[in-house]
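Worksheet: one structure, shown below.
Residue numbers (UniProt numbering): 1 to 156.
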């Protein structure tokens with residue numbers, strides 16, 4: 001009896017493996033997982049700034065002023081005002097998902113009262129989104145590894 005086996009040759013298998021490898025490389029280039037992670041961290045930063053802004057609004061509703069920032073970075077002053085000195089606004093201040101970046105807070109004075117604020121963060125995957133913040137009022141410059149700055153819009 002003459003049996004003829006139906007099977008793939010080694011060359012056919014190598015061609016299929018090569019095609020699958022090329023297709024998976026194309027898919028990984030299109031998906032770009034590093035960029036997706038950066039966008040997720042940027043979204044987390046924007047959420048954190050919204051949480052801080054909400055606490056600032058609660059502080060303003062109770063005190064009729066925003067916490068004053070004494071320095072350009074301002075976050076230690078903000079943490080002291082919202083976490084230490086005035087408990088109940090925030091139990092802990094949100095921190096940037098990447099330790100090299102930090103959030104910055106700058107309050108503006110009108111007749112010696114803090115009546116508006118700028119709250120900014122560095123971004124990894126997007127360009128500047130200043131949302132009406134004048135460039136001379138930015139409390140930060142674009143740090144190394146960042147592509148831009150996002151500023152949470154102040155209500156005033």
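For each residue, glycine too, the CB sits at the ideal point set by N, CA and C.
In this text the structure is predicted, and so the values were computed from the model without any measurement.
Within the same chain, and ignoring the five residues on either side of residue 147 in sequence, the residues whose Cβ sits closer than 8 Å to its Cβ are 123, 124, 125, 126, 127.
If you draw a 10 Å sphere on the C-beta of residue 42, you find 16 or more other C-beta atoms in it, and that means buried. With respect to residue 44, residue 97 sits close: the two C-beta atoms are nearer than 7 Å.
In the DSSP assignment, residue 31 falls outside any beta strand (DSSP E) and lies within the alpha helix (DSSP H) extending over 10-31. In the DSSP annotation of this structure, the continuous segment of the beta strand (DSSP E) that includes residue 148 starts and ends at 148-152. Residue 130 is positioned such that its CB atom lies no closer than 7 Å to that of residue 53.
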